[in-house]
Ligand code: CTP
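In the working numbering, the protein residues as written are 40 to 444.
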């Protein structure tokens, strides 16, 4: 289970012999789905090299004190904003003291001071340093300010003494960090979303397409990311900014969308087919521009493959959610799609009227599944997407539980 999917963790490493465990910690954080950005203090760099941490985190390691080069790439304020949580592990006695004083005398301390995201520390020091009244007072003060203190554990220490002050093991720290985040309704699941229109070329300059803006599909993809899923978004041509923290696959035609969706579907736990896929494409794609003549022109069209039905027909395939954009008899047609394409859920909406739908900012919808129905009033596509994701997760988990032996 990926407990930290999509989470951005800033890992601060200060000067303690336990810094050698930070390499394993970075590896486990990434395995749990997190993006990791490491900041080393001068003391930390005495125990582990930036290169090791850079190789494991896949990102440049920041370790100089507010140097112009680092600031130009990603300054301390941006790093503070980037993080969803900051973990200082190991946190030395000196670092805890500086944190308690609110100092900004190196990069890591400045980031901690500039950040409003949850901050956790994993103390690591000799047991006498840990039991000193000064250290205890600092830790108490930090706790009162809302800093989470993970550990320390007791046991044999690097200096040969036995007592409290050992840093928690990397796996324990990853588990503690997971507890900081309220887990989303799709935590750790792989979600595949298709969005936008497709374009079916007639000749090099013309195509057949439709009015889909892609907004609903993009909003669903963002809501799935927020809910903790690892998201792949297969998108037709739209005028929308690429959402963060997901894998975007851009396609143009229905055939390309089919390829991209079918390639990702076997890994997906859920498929949400929000794209307005062309049902027909020109039978012939002209290599040269079609010239105007005085006679009427007939375009011969052939059907495209139904992506949604193909995903729903996969053995061991994902939980499949379809959309039904209708102008009349909305619920009847939608129920027919649910049945005919063997979907797990269908979201129906009226298009072409004042009730939202294509190109609009707002949308109303009704979700249908075997034995159930839920209506959603007209609202922004972002809000509707969050509510739909909540319902989809509920239905997914209900089905999952029903299938458990
Ligand atoms: N869909 C698809 N592949 C196609 C056509 C449609 O995956 N070639 C999916 C859409 O992404 C949507 C659902 O099917 O989730 C319904 O699309 P819609 O155009 O409303 O329905 P159709 O199945 O095309 O039926 P009709 O046009 O007769 O309403």
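Glycine is no exception: its CB is placed at the ideal position from the N, C-alpha and C atoms.
Exercise. Could you round the C-beta distance between residue 359 and residue 350 to whole angstroms and report it? I think they count as a contact, below 8 Å.
Key: 5 Å
Practice problem: Could you tell me the distance, in whole angstroms, from the CA atom of residue 199 to the CA atom of residue 163? | Solution: 14 Å
Practice problem: For the segment 414 to 425 and the segment 250 to 266, state whether three or more C-beta atom pairs, one from each stretch, are separated by less than 8 Å. | Solution: yes
Quiz item: Going by Cα to Cα distance, which pick from 408, 338 and 273 is closest to residue 371?
Solution: Distance from the Cα of residue 371 is smallest, within the candidate group 408, 338 and 273, for 408.
Quiz item: Expressed to the nearest angstrom, what Euclidean distance is found between the alpha-carbon atoms of residue 132 and residue 283?
Solution: 37 Å
Quiz item: So which of 234, 340, 266 and 239 has the shortest CA-CA distance to residue 289?
Solution: 234
Practice problem: Would you mind working out which of 414, 71, 51 and 63 sits nearest residue 228, comparing C-alpha positions? | Solution: 71
Quiz item: Heavy atom of ligand 1 less than 7 Å from the Cβ of residue 343, yes or no?
Solution: yes
Self-check item: Proximity to residue 311 [Cα-Cα], best of 354, 383, 237 and 324
Solution: 383
Quiz item: Excluding sequence positions up to five away, which residues of its chain have a Cβ less than 6 Å from the Cβ of residue 46?
Solution: 73 and 123
Quiz item: How is the alpha helix (DSSP H) around residue 402 delimited, first residue to last?
Solution: Not the alpha helix (DSSP H): residue 402 falls in the beta strand (DSSP E), residues 401 to 408.
Exercise. Could you work out which residue in 119, 403, 321 and 308 is closest to residue 356 when comparing CA atoms only?
Key: 308
Self-check item: Environment of residue 145 [buried if 16+ CB atoms lie within 10 Å]
Solution: Within a 10 Å sphere around the beta-carbon of residue 145 sit 16 or more other beta-carbons, which makes this residue buried.
Quiz item: Do residue 353 and residue 304 have their C-beta atoms closer together than 8 Å?
Solution: For the pair residue 353 and residue 304, the CB atoms are nearer than the 8 Å cut-off.
Practice problem: Note the first and the last residue of the continuous alpha helix (DSSP H) segment covering residue 86. | Solution: That run of the alpha helix (DSSP H) goes 83 to 86.
Quiz item: Assuming residue 150 contacts residue 125 under a Cβ cut-off of 8 Å, what Cβ separation, rounded to an integer in Å, is found between them?
Solution: With 8 Å as the limit, residue 150 and residue 125 qualify as a contact, their Cβ atoms being about 7 Å apart.
Quiz prompt | Integer-rounded CB distance, given that residue 348 should sit under 8 Å from residue 380 | solution = 4 Å
Practice problem: If I'm right that residue 77 touches residue 90 with Cβ under 8 Å, what's the distance once you round it to whole angstroms? | Solution: Rounded, the Cβ-Cβ distance is 11 Å, inconsistent with contact.
Exercise. Give the single residue among 267, 193 and 237 whose Cα lies nearest to the Cα of residue 343.
Key: 237
Practice problem: Provide the residue span of the alpha helix (DSSP H) that contains residue 350, from first to last. | Solution: 346 to 351
Quiz item: Among 269, 197 and 96, which residue has its Cα nearest to the Cα of residue 57?
Solution: Proximity to residue 57 across 269, 197 and 96 peaks at 197, based on C-alpha coordinates.
Self-check item: Residues near residue 83 in its chain [Cβ-Cβ closer than 7 Å; skip 5 each side]
Solution: 52, 53, 54 and 58
Quiz prompt | DSSP three-state assignment for residue 370, whether helix, strand or coil | solution = helix
Quiz item: Out of curiosity, what's the CA-to-CA distance linking residue 136 and residue 50?
Solution: Each residue's alpha carbon lies about 18 Å from the other.
Quiz item: Which residue comes first and which comes last in the alpha helix (DSSP H) that contains residue 217?
Solution: Residues 209 to 219.
Practice problem: Grab me the residues of residue 366's own chain with a C-beta within less than 8 Å of its C-beta, minus the 5 sequence neighbours each way, in chain order. | Solution: 389, 390, 391 and 392
Quiz item: Does at least one heavy atom of ligand 1 sit under 7 Å from the Cβ of residue 314?
Solution: Yes, since a heavy atom of ligand 1 falls inside the 7 Å radius drawn around the Cβ of residue 314.
Practice problem: Inspect the beta-carbon positions of residue 336 and residue 319 and report whether they are closer than 8 Å. | Solution: no
Practice problem: Output the boundary residues of the beta strand (DSSP E) element that contains residue 47. | Solution: Note, residue 47: beta strand (DSSP E), 47 to 52.
Quiz item: Can you name the start and end residues of the alpha helix (DSSP H) that residue 248 belongs to?
Solution: Run containing residue 248: none; DSSP gives neither H nor E here.
Self-check item: Residue from 148, 44 and 429 whose Cα sits closest to the Cα of residue 455
Solution: Residue 455 lies beyond the range of the chain shown here (40 to 444); nothing can be said about it.
Practice problem: Leaving aside the five residues before and after residue 301 along the sequence, list all residues of the same chain whose C-beta is less than 7 Å from its C-beta, in chain order. | Solution: 349
Quiz item: Just to confirm, are residue 190 and residue 168 a CB contact at a threshold of 8 Å?
Solution: no
Quiz prompt | Through-space distance from residue 402 to residue 416, alpha-carbon basis | solution = 8 Å
Exercise. Return no unless some Cβ of chain D is closer than 8 Å to the Cβ of residue 429.
Key: In summary, chain D is missing from the structure at hand, where a single protein chain is found.
Exercise. Within the same chain, show all residues whose beta-carbon is closer than 7 Å to that of residue 143, passing over the 5 residues directly before and after it, in chain order.
Key: 149 and 152
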